[in-house]
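Okay, structure first, notes after.
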Amino acid sequence: GAVVSQHPSRVICKSGTSVKIECRSLDFQATTMFWYRQFPKQSLMLMATSNEGSKATYEQGVEKDKFLINHASLTLSTLTVTSAHPEDSSFYICSAQGQGEVYGYTFGSGTRLTVV
Amino acid sequence: ELKVEQNPLFLSMQEGKNYTIYCNYSTTSDRLYWYRQDPGKSLESLFVLLSNGAVKQEGRLMASLDTKARLSTLHITAAVHDLSATYFCAVDMRGFGNEKLTFGTGTRLTIIP
C-alpha cells in the first residue's frame, strides 16, 4: 500500500530558530500534499495544501511567511517553521494524495515539535 | 464553510457493550473517511465511504454513510479494550471543487474492562 514517510518524528528546538520537516511519498507520486497541525486533545487543522511545482495554498489564519512549504518534486514536500516560538509547539502531520489507483489520502507518522 | 461535528466527544463504555459514534456535516459531499488515532501517533485509516448508503465493516467496527441526511455513523459491537482510541471522521469535498479533508471534532473512546 501507499506509504508516506515523515521526518523527524520528534524535534526540540530553541525559540527563534527554524525547523524543517520532510514528507516523502515512498511508492507513489503525490500530486498534492497537505500539512496539518494538531494541538493536544484537539482535531487536525489543515494549514496548507501544496501541489508539485506551484505555490502552496494556505488556510485562513496561517502565516505563510512563518510556515514555508516547498513541494519541489512529486515525492517530497517540506514544511519549515521559521523563527519558532513556544506557541508553535504542536504535532504536525503531512498527508499525500496520489492519482490513479492511489486515490485516497495517506498520512505520515507525524512530527512532535517542541520549542523551548 | 463546511462544519463537521461528531458526538459524543467523549465516550466511556464497558467491554462487551455496543455503541455508535455520529458524524454530521453541513455541506453536500459523497465521500467520507473514518480514522483512528492512538495517543502520540498519527492517523490510521479505518474506512472509506464513497457513496450514499455505503456500509463497510471490519471486525467490531461498522461504518455507514447517508449523504441525504449528511450523516455517517461508526458502530462498535461488543467493545474490547483494544478499541480505546480517538476516532475522527473526515469529509472530502473532492468533486465539489475543494480537494481537502475537513476533520470532525473527534470522539475519545475509553473501553473499561
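Protein chains in written order, with this note's numbering: chain U, 58 to 173; chain P, 5 to 117.
Beta carbons are placed, not taken as given, at the ideal position from N, Cα and C, and that holds for glycine.
Residue span of the beta strand (DSSP E) that contains residue i, given as start and end
i                 : result
Thr74 of chain U  : Taken as a continuous stretch (DSSP letters only), Thr74 of chain U belongs to no beta strand (DSSP E), as it is neither H nor E.
Arg169 of chain U : 168-172
Asn22 of chain P  : That residue, Asn22 of chain P, is in no beta strand (DSSP E); it is neither H nor E in DSSP.
Met97 of chain P  : Segment: none, Met97 of chain P is in no beta strand (DSSP E) and carries neither H nor E.
Thr31 of chain P  : Taken as a continuous stretch (DSSP letters only), Thr31 of chain P belongs to no beta strand (DSSP E), as it is neither H nor E.
Cys125 of chain U : According to the sequence as given, residue 125 of chain U is Leu; it is not Cys. Here the beta strand (DSSP E) through Leu125 of chain U covers 124-130.
Leu103 of chain U : 102-108
Asn11 of chain P  : 8-11
Asp70 of chain P  : 65-70
His79 of chain P  : 75-80
Residue-chain proximity (residue i, chain P), Cβ-Cβ < 8 Å
i                 : result
Leu136 of chain U : no
Thr106 of chain U : yes
Leu170 of chain U : no
Ser166 of chain U : yes
6 Å Cβ shell around residue i - same chain, five flanking residues per side excluded
i                : result
Phe51 of chain P : Trp38, Lys60, Ala67
Beta-carbon proximity list for residue i, same chain, < 7 Å, skipping 5 on both sides
i                 : result
Val55 of chain U  : Past the boundaries of the shown model lies residue 55 of chain U; chain U is included only from 58 to 173, so the question cannot be answered.
Leu6 of chain P   : Tyr29, Ser30, Thr31, Val95, Met97, Thr106
Glu116 of chain U : Leu103, Met104, Ala105
8 Å Cβ cutoff, residue i in contact with chain U
i                 : result
Thr109 of chain P : yes
Phe51 of chain P  : no
Glu103 of chain P : yes
Phe92 of chain P  : yes
Leu47 of chain P  : yes
- [ ] Answer yes if the segment 83-99 of chain U comes into contact with the segment 20-36 of chain P, meaning at least three C-beta pairs across the two stretches below 8 Å, and no otherwise.
- [x] Under the 8 Å Cβ criterion, the segment 20-36 of chain P does not count as touching the segment 83-99 of chain U, having fewer than three qualifying pairs.
Task: Whole alpha helix (DSSP H) elements within the segment 135-160 of chain U, 4-residue minimum - done: none
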